[in-house]
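Protein chains in written order, with the numbering used here: chain A, 619 to 1736; chain B, 7 to 468.
The following block contains the structure:
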């Protein structure tokens, strides 16, 4: 909200300028007068605004005396009559409206040769109106704020000079200093303020957001130290193109501070948000370092196009998914390196999640799925400080899948043969006949049972003077894996931030740059995939340490071969942003944001000869991928701020240009006869087809105009309007532009006198609501072009796609109402919100039957998807005194997803995918009826596809949230964070269902031991068998509701304990502070879920589960 | 204070905004990416038009798991020719294919993608302003030949299938299954047009693109399937009488790249693949059980002195047990840099002889001629000729046997033969026992397709 931007810390300079100009205007008031309108018409609009401000200032200071004399005697005369008499005597005209004079009292005076001004003062004394003299005119108006009088009065009083500092003695710039019942000012860069002409007996009140307000008696020199306050309501929150506070905001945004972020030993900053933001789900896709997270705000709005929120790093769009054309991205065990994982959590000041229309509509077409603003740390002026943070730790898989041992496995296999009544031979039973049936390898432990190590080091230096401040940081982190062998994700980074303000405070700039280099040499494949190898399979290495490939004539696909496949993912990114602000005129700020992001991804994966079964091949091969992404953005905009009556108006008007360019190339080389040279494509064979190179470029452009108007009346009533018109190159001619906007309003009812009287414990109460339209353009580029392209390998041209020139924006209507309450001086804060998002004109990769030649094409669907939900948060300060403090945060979210409309669903290709009135997360399954006690085979109510897919399962979490408690006792600090989710998910059976228990070479979880054995058995697992009927049944089983179970969990997600060394001690060794700490993540999980981890249960398959992490470290400030 | 400078600044800003508003349309208009070519530009001349055909050939032969490579393998499993211990392949061997089977899915969806390409080429060429009439005729003929080729396999695997002859997605997406008579009418008409339009000479030394003779041979095969024996015989004779493809080379050379009897063969763009069948059937070493082995049924079908058994089958001995695999092609992977010695043959003269033999055998008066044709094939295999006085049923049985051992593991011939001659049920029941159902002659329509096109129906038995 722009109001806040101007009033809060970040932009206090504009206000200083206002005060200064007021001073200088006083001196020039007589000879300046009105500026004449000589301007060219184009500038008039802005100039008018400027003039209005100036005019107001002039009005208030030009009331010096005039020497005209007035003689007047009036008894119960009307004001009008009095004016008429004075006009005759002096020649001065009067300007007024009859409206103004409505409440005027009759006049009784007796004046003789009085100066005009004195006469008027007598006449206007006790009237509800006041006057002003300008040129030869007296302007009559509603009684102005008594500012004028105070201005005049102040010459009789003392001048005050003060300096406001924080508990550490650092200056607080932008603090509000108000004479109780009188004027006010703000502190400057050095925390200093001047108040002229203050009554000697007056009290002054000093306040600063986030600090406790202090009231002191005036004095000529006033040193003031403020204590940190508790109210979350006044914390600065970053929003679109500005800042606000929870108190004054009309929208729904949640801030996660650096404190919460740095407590969590995670690789990806997004993981720190899990459970902390109501309405937002953050799921780890697997436990490999660098993995991307599934982030969703308020459910899935779109049937098919992207559901990712928009990410902005210091205002610059940041790619959230693996960059480059997916066809050119080389596989890696973590499912693709997430660019966000390359950001260092220690560099982040805050993450703000914007949810409703009011908060997101100004991002127009990209706001539909919510917006995540990532703000990096900035330097602060004052003493040069050094902060260092070093930690080390270990990590292990949270939950293992219990698998059969050899004895059980062999028994299972033999039972299958008995059940099927077939005899064993070396084809169907090589594992029993050719392999040692007493040997046991716990593959799960071998492959993913290791301990990963984590190292993290971070140093920042910050400081500056009144005009310039800086921050320079460097970081390094390394996380190894739970796999055998030496694999790691290593990150190094530099962070620079500079802020400068000119001496006249009119110009300021902020420059930030982040450079990150993330090298990940993870495996190409997730070894968790191989844990079901037969437990009696050959040992992976022979006595000489070589890979074993066969035993007794039976080939063995050795999982350890994957360790020899080099994989390198180097992700180098540079993000720079520069913001320049210039105060053209009081209240009118021109602002130019610009940013540049550059990312380079270099990938290599190899298949050396040594990693391949010697009998199958004799040559190595390698893939070399290279993607570079660059993005620039330029956003000039104007901010205008004006106090109108008891309110403050803020207007924002701007335009945005963005261009993304992605270039990807992929080299595939084969025919290496020597593993040593495999990283050099030139060493591949010379055959024409042994090295193939393919390239692609993507040019994405974006252009918008946007505006916002915000008006806050008396800090009680707030209205906020947003508008944006967006154009995106992803749409064909005539379809590129869309209009988006919102209206938001709030009523801070606790400011009403009545409420204050009747509910004294209610310290804060606000009702707010918003409605608006946002959009979504997350589709592939160029989908509207009818083109041919060359396939990845070989010559020739093939149709690129089924094109559709006519698709357009997906639109999302958002409605929200919320109630916010604070009790006992905001020690208890409650927020309850209800929202309803409806997304229409669905942009989908419309699934097509293969007979059309393709499986999909991009198209708009007239379907309407609704997400509706409630979110509640409760923050309490349970205990707070000098020794102990205890704070709790609780939040819970309920979200229901529903397909409201879908014209012609039955005849569409989605007839069996979506259902009106049901969640779009739903999926249909065969209904499982258990194991037939006679045949021992799974039974279903029907297995004909699709008519028997009758069992509908909804994967939307029923509710989710978190409960956090932070304690501090003397120098100790402890926080314990629980996360919970109530949901359904794929169970362990979905992970292993492709083969029926008893299948050759496939191990099974111990749960399968509860199988059918003989006629009459009631079991939940069918008989061990490899028969056709059993295989058909297991295939149907995988499509049945039997694989869906409760995947709810409560997890002790994070625990943090720290101890700060006593100040006395640390000061003695010349250090400002020393803190030692331990952090742990995913400590315990309470769940009934059978299988790996309930969090990765949202899709079938085996993935490395999230890791349990313990770290310890030290934090030091100099 | 307001200075002229400040006013100038704000003026510049206002102008900037105004300019940006007026220029935004241009800013968000992008050119097609450099790696793509607009379809109008593609059909401007014969060089790029030819690229679309090259693209199509490359698509169907890219790797050893695409449609063209799957056809002999999967059909070999469902008939009685080959087997594999790989669990993913068991459903085909036991004729228990699930509608969700991914291989089944590719057998349906991939040819439709190729058909889209054919239709797109036919339309693009037709609308082209830059191509000569002759070029238009040739390109159209080739695209139509290929369209017929894909429909032939689609209808033989799945029965009646939707008949797609345009690129219009709004029509195509909801077309129901067309009657197989309709499909064959389309195939015959496309092949006839190809026969007229295609040149007699091959465009390349390696016979990589079909010519008039290939179109004729394939039409003969289609007539045989339609039991139009007289037309099948007439067309087959034209090819044999042209003398371009005889005499049959010896067994060892029949599948070489330079084999004279080849009518059409395909080259794979994959770097290390020679023929697709070689890549799939030939094991990479001799000390383990091959992925795909010959069934005893096929092995026992060979006469004792049949040289095809020793020349076209390979053996791996593991634990003193013999494992036979199809070895018509010898190259599994080629050494990088070396030119392939073998390419994937789609049709060769010996099949034309067998088409003619069968067409003749259906005519009582031509049985002796049929035997002459059979004996051409037998003599190359080192077998004694059959007597010319065979009864019609013996002649047809001899032809069926000869097709089994001559054309095994080639282009789904065995599977289609069992089906079209009505013997599938009797023969496969005996081999596969209770796994075999009469309805297994058709593969299931993939479940995805049923989900996405509600007008489609499943084949009986699934």
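For each residue, glycine too, the CB sits at the ideal point set by N, CA and C. Just so you know, these numbers come straight off a predicted model, no measurement behind them.
Candidates the options, of which the one nearest residue i by Cα
i                      : options                    : result
residue 900 (chain A)  : A:1580, A:1592, A:1686     : A:1580
residue 1060 (chain A) : A:1100, A:1151, A:1000     : A:1151
residue 1141 (chain A) : A:1109, A:1178, A:1157     : A:1178
residue 878 (chain A)  : A:1182, A:820, A:889       : A:889
residue 1679 (chain A) : A:1695, A:1351, A:1509     : A:1695
residue 1278 (chain A) : A:1100, A:1346, A:1243     : A:1346
residue 89 (chain B)   : B:464, B:259, B:437, B:150 : B:437
residue 815 (chain A)  : A:796, A:1665, A:785       : A:796
Beta carbon of residue i nearer than 8 Å to that of residue j
i                      : j                      : result
residue 312 (chain B)  : residue 200 (chain B)  : no
residue 1703 (chain A) : residue 1017 (chain A) : yes
residue 294 (chain B)  : residue 333 (chain B)  : no
residue 859 (chain A)  : residue 1379 (chain A) : no
residue 1660 (chain A) : residue 1555 (chain A) : no
residue 126 (chain B)  : residue 173 (chain B)  : yes
residue 1438 (chain A) : residue 1461 (chain A) : no
residue 432 (chain B)  : residue 447 (chain B)  : no
Interface partners of residue i on chain B, CB under 7 Å
i                      : result
residue 1468 (chain A) : 114, 115, 118, 455
Burial state of residue i (16 or more Cβ within 10 Å)
i                      : result
residue 35 (chain B)   : exposed
residue 1683 (chain A) : exposed
residue 1376 (chain A) : exposed
residue 1423 (chain A) : exposed
residue 1632 (chain A) : exposed
residue 974 (chain A)  : buried
residue 748 (chain A)  : buried
residue 1524 (chain A) : exposed
C-beta neighbour in chain B for residue i, strict 8 Å
i                      : result
residue 645 (chain A)  : Interpretation of residue 645 (chain A) is limited by its pLDDT of 36, a score under 50 that renders its predicted location unreliable; no figure is taken from the coordinates.
residue 656 (chain A)  : Confidence at residue 656 (chain A) is low in this model, with a pLDDT of 46, below 50, so its placement is unreliable and no value can be given for it.
residue 1520 (chain A) : no
residue 1402 (chain A) : no
residue 1420 (chain A) : yes
residue 985 (chain A)  : no
residue 1417 (chain A) : yes
residue 1649 (chain A) : yes
Neighbouring residues, chain B, relative to residue i (Cβ below 9 Å)
i                      : result
residue 1524 (chain A) : 460
residue 952 (chain A)  : By Cβ distance, chain B contributes nothing, its closest Cβ being about 25 Å from residue 952 (chain A), past 9 Å.
Chain-ordered chain B contacts of residue i [CB-CB under 8 Å]
i                      : result
residue 1564 (chain A) : 453, 456, 457
Closer than 8 Å to chain A by CB, residue i
i                     : result
residue 35 (chain B)  : yes
residue 216 (chain B) : no
residue 393 (chain B) : no
residue 131 (chain B) : no
Proximal residues of chain A, C-beta to C-beta of residue i below 7 Å
i                     : result
residue 100 (chain B) : 1646
Amino acids of chain A, ordered along the chain, whose beta-carbon sits closer than 8 Å to that of residue i
i                     : result
residue 294 (chain B) : 1168, 1171, 1172, 1173, 1233
residue 190 (chain B) : Ordered by position in chain A, no residue passes the 8 Å Cβ test against residue 190 (chain B), which lies about 18 Å from the chain.
Within chain A, the residues that residue i reaches when beta carbons sit closer than 9 Å
i                     : result
residue 437 (chain B) : None at all; the shortest Cβ gap to chain A is about 15 Å.
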